[in-house]
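Residue numbers (my numbering), protein chains in the order written: chain A, 857 to 1193; chain B, 857 to 1193; chain C, 857 to 1193; chain D, 857 to 1193. Even for Gly, the Cβ is constructed at its ideal location relative to N, Cα and C. Input: a single structure, listed below in structure tokens.
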């Protein structure tokens, strides 16, 4: 940590800071600049309560030099995380193509979606049973009933199934019914939920919050790993900006940066980012080229009957063509789709 | 709802839309423009599943005309909400000045803060027991132990006490220990938490999410009221923008709009918005002038010892002067501080 | 400037940096932390070309400690700037109430607006002659003809007149026809225009760019002052965020910060920020309470006939009532309206 | 255009609106909904001054149905724009790889950069002579002297040269010295500059403003084309968001949308978007995959000596490897690099 004092800080004030630093078991190194004094704090400031130094009235700012990560980044943990599930090695060459309806709506719809995925050759099905809806008057999901449908899909088709959990009280039951759990964008900093996710063994897809920085996103993954579950897959799904031509702005710089700095698999959800079907193809290709290890795509047997997010769902035929188009991009990036 | 078709939509396509609309129990009115056909959908489209119309390939866009609110806005519920607590009528002239440390850190600190508030004449104390921290390595709050300290403050000083709840499993116990519960910015769309807040009787301060639109903010309040608790106080606390000179950008246009469109009391948290002590005075004055019914301000007996957010905490002396400065602004706005 | 090296930087790499620093006439001070080496660069780094240090592959980041300002901030220039014009001392107690139509549309409209302003007691009239319009098909302003109308208003009514200039080639002629020139938000970083503004003597209102940080805003003012014109008035007019309920998000934290850090007068344009008439009253009050030295408000004799921005224009009656309501807030802040 | 009236609008108010519409030569169609009256305005509302309808006090909102574009979109102009220059057909299969230093700094540096580009097989060199710098104390560019250097590069190497123009007074001279002119992000809505660009014949690269919507970006291109120059190339270069891990957030959804809706070539500048060298490779690949017709990349013979933006410049070796890596992606997209 570096402490920059305001111009004109007195010797007493400098002493006050250095005493506080020494009291925390850290070592201050003073350097006097042209207009300001700068103090470099030596020692592991990562978990020391040094924030309050910023509140001293003669301190201009305190700048952290150490990054706050311990478990998620290559700097501290060189070996990459490979999520092994159902014969797939996600993060190690197997491209995680995950598709399916936004919500589980009925057994018929879920089974129909599964049949299409099998035919296309996609191995993981998504479908939400608990829906985070902006309005209390919108469809809230089938809950436990939906989880049972997904379990049945798994048993009858051999597909892996994936679903979102929003409530800490649902983590355990969901982990028993599906293969992969998802933390939605709105819950990226629901820290109690992250801690519960750390107590299960299922892989967890952690979606980036709509207004979360990459740093906060990594720290949220750190919560899950720190609580005991190393099987974390990061998912970029667009951030909220001033642009209104699409629902959110897909941030592929984040994908590139996460692949560079962390050892975790990174996937992309272009469907929720775009919120419109016509941009999904190009965004899938761009995601793969940016280094993504997988995609999360909405497909609905009959988009116009979807109870939510119909406008962005692909039809089974569209998904089939898209998958064919994506294969050469995956190959170029050394991944198996 | 208005459905705008793409240029060149055929008669069959128009029929397809009108049939879908009729099947939903609604009435279509067709109007042919110079380049496009527009269909106005009559009937209560508020909870009808009309979103999927947007997914038809010959539809350009579907525009909702009815606002989705039922319980929060003056349009549907003319009488203003007054939160009556401890002799205060918040939303009806009594200015809700709420101050105290970011976190409850020890009984001594909490009691010391309470003593200062009493001396200044402030009637509601804030202090968090459950802390939403970006890093799992940062102080996570005292939990139940903290709740007990707050209860003791209430019993020994007569102050009202306010605290944040993050986990659905803590709502009941917290509601028994403190007067007012708070939903933090990160949990504004934690819908299960909102529903639990609807089951208690305590007033609930709902903070706006860092990237939440005013519309989403109102819909979150709608969840709580719809679940049974009408005592909702909205709190603007800054939104996330590109500006980095302060932690967040306080949005007083939102305060003006919420006061105009909803019947709920609206307060402002300038401390978390600014993240720096030197802007709090002007932002408090501006909030009152914009129409706020209260303020949520951080005060710490010894900011440089604070376990979090020290940089933005006022000292007791600063809070005292500030309160004196704010009084004439409250008077001008017809409020009692 | 502080240079943070990557973990594991070698002695040769450290030497490479220190040599570069020494070659620039500056002095490096090395401090070795737990995981990283930090180099504090002593000397005036403000105009030294030190950015490239950031590009060395073993440098993690270079952090500037000195602020880049020389002419705009209190730190370098303690005395406040008072813009003296037409008997007003803007920035020294005289509240700069500026109102009028978005555009000059006809002599009749401009004269009618002026008559209303005189009656209300407002001393400065705004009206744009050159319009920055998003579409080439929208009304582009009356140009020189408009300037002549404004000159006539000045001569016949004694009002001060204010207008925007967009093209460097129009600065001189505009400066001869009106009292105060304005640089619009879209041109805040049109550096050639800023330099031309530095060559005239008229006061210049510099509007903040829609996506400009406070730091960039101050640097734009620095351009004008550095080019020779000290009469700069800063104008906050809302920034672009994700919120769509109003056109832009008025940033009153910026007003508070600019008043604290710079010696320049600061005014607010709530009309363009809100883009809707119903929020202007509360935003005017909040602006005054945040410390603003003036307001820029749209008023049109007949808003529904306005050729642009009618939705946000006040009628003369509304402006009159508003002015009356604002007086006590100005008084409380020690300003004369 | 669709006009939504407020609930409870009276017959007189409805008549008032319909009269205004009729007076503009348009035709109103009234439709009465459950809670509100909606009026659909028939006729070409694209350039009619209908905005003021929004300002009537019983109007809730006015929604434009027609898009404001006439010249830039496929809907109005089906044939794609191909920029033919120096034997390249940009927008028709020839991938526009443009590279070079941020600024022209000296003849030696410019010639050295050109030699490297020739060796790598890149045909267009970029170098700015007029620099838009946030601070007046930073290097402002070589101006005319720089233009002469670029002309010499063109004459001695056969490379095409590209540079930015900021001042309307420099457009003509620059158009005589270089092949391609660029409008920088800060000037995207400098409408006088756009109009001057419409008067020359050189291809113009128009960069998206940091806070410009896709719609505003297209409208800026519309200005240039409307003023007479059809050779417009759009350039996505990142938008300003809350994320600080990179300088700007590259928006590849915009690339996909611009390719879909307009007939103009679209290129990407990953260097200025990222502001850091380590993300440029993945972002180039992603841009190509998203459909880009070219790239604008910074390369400096000696990045650590660059007078600006050194941190993001590639070395000649890096650029050579990158170009080799990009070729198969171009091939996959049917483009020749």
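Item	Value
So, do the segment 1058-1077 of chain B and the segment 1028-1044 of chain B have three or more beta carbon pairs nearer to each other than 8 Å?	yes
Would the beta-carbon of residue 1144/C fall within 8 Å of that of residue 1145/B?	yes
Taking C-beta to C-beta, are residue 1183/D and residue 1067/C nearer than 8 Å?	no
Unbroken beta strand (DSSP E) runs of length 3 or more, entirely within the segment 977-1041 of chain C: which are they?	980-982, 1016-1020 and 1036-1039
Within the same chain, show all residues whose beta-carbon is closer than 8 Å to that of residue 918/D, passing over the 5 residues directly before and after it, in chain order.	857, 858, 859, 860, 906, 907, 909 and 910
Excluding the 5 residues preceding and the 5 following residue 1054/C in the sequence, name in chain order all residues of the same chain whose CB lies nearer than 8 Å to its CB.	1079, 1080, 1081, 1082, 1083, 1084 and 1085
Report yes if the C-beta distance between residue 968/D and residue 1159/D is below 8 Å; otherwise report no.	no
Between the segment 1098-1127 of chain C and chain A, which residues of the former have CB atoms less than 8 Å from a CB of the latter, in chain order?	1098 and 1100
What number of angstroms, rounded off, separates the C-alpha of residue 1003/C from the C-alpha of residue 1135/D?	50 Å
Note the first and the last residue of the continuous beta strand (DSSP E) segment covering residue 956/D.	952-956
When every heavy atom of the ligand COA is checked, does at least one fall within less than 7 Å of the C-beta of residue 1093/D?	Ligands displayed in this structure: none; no statement on the ligand COA is therefore possible.
Write down the C-beta distance between residue 1109/B and residue 990/C rounded to the nearest angstrom, noting that I regard them as a contact closer than 8 Å.	With a Cβ gap of about 22 Å, residue 1109/B and residue 990/C do not count as contacting.
Pop quiz: residue 1034/C and residue 1006/C are said to be a contact at Cβ under 8 Å. What is the actual Cβ separation, rounded to whole angstroms?	5 Å
Hey, does residue 924/A have any beta-carbon neighbour from chain D nearer than 8 Å?	no
Can you tell which of 1049/C, 993/C and 941/C has the C-alpha that lies nearest to the C-alpha of residue 1018/C?	941/C
Which residues in the same chain have their Cβ closer than 6 Å to the Cβ of residue 1099/A, if we skip the five residues on either side of it in sequence?	1105
Kindly indicate the opening and closing residues of the beta strand (DSSP E) around residue 884/D.	883-888
Taking residue 1063/D as part of the beta strand (DSSP E), name the residues at either end of that continuous run.	1060-1063
Measure the Cβ-Cβ separation of residue 1125/A and residue 1152/A and say whether it is below 8 Å.	yes
With 8 Å set as the bound, which would you pick, yes or no: does the beta-carbon of residue 900/D sit closer than that to a beta-carbon of chain B?	yes
Tell me which residues of the segment 1069-1089 of chain C have at least one Cβ-Cβ distance to chain B shorter than 9 Å, keeping chain order.	1069, 1070 and 1071
Assuming residue 1175/C and residue 955/C are in contact, meaning their beta carbons sit under 8 Å apart, how far apart are those beta carbons, in whole angstroms?	6 Å
Are the C-beta atoms of residue 1195/A and some chain D residue less than 8 Å apart?	This structure leaves residue 1195/A out entirely; chain A is present only between 857 and 1193.
Could you name the residues that DSSP lists as bridge partners for residue 917/B?	860/B
Measuring CA to CA, which of 1112/A, 885/A and 888/A is closest to residue 1070/A?	1112/A
Taking Cβ-Cβ distances shorter than 8 Å, what residues in chain A pair up with residue 931/C?	863
Could you tell me whether the segment 929-940 of chain B touches the segment 1119-1133 of chain B, using the rule of 3 or more Cβ pairs below 8 Å?	yes
Is there a C-beta anywhere in chain B that falls below 8 Å from the one on residue 1058/A?	no
Would you tell me roughly how many angstroms separate the C-alpha atoms of residue 944/D and residue 950/D, rounded to the nearest one?	6 Å
Check residue 927/B in the structure and name its three-state DSSP category.	coil
Have a look at residue 978/A and residue 1193/A and give me their C-alpha separation to the nearest angstrom.	9 Å
For residue 1154/C versus residue 985/C, is the C-beta distance shorter than 8 Å?	no
Could you check the C-alpha separation between residue 863/A and residue 1133/C for me, to the nearest Å?	45 Å
For a contact meaning CB atoms closer than 8 Å, what does residue 1144/C contact in chain B?	1145
In whole angstroms, give me the CA-to-CA distance for residue 878/D and residue 915/D.	17 Å
Out of curiosity, what's the CA-to-CA distance linking residue 901/C and residue 887/C?	19 Å
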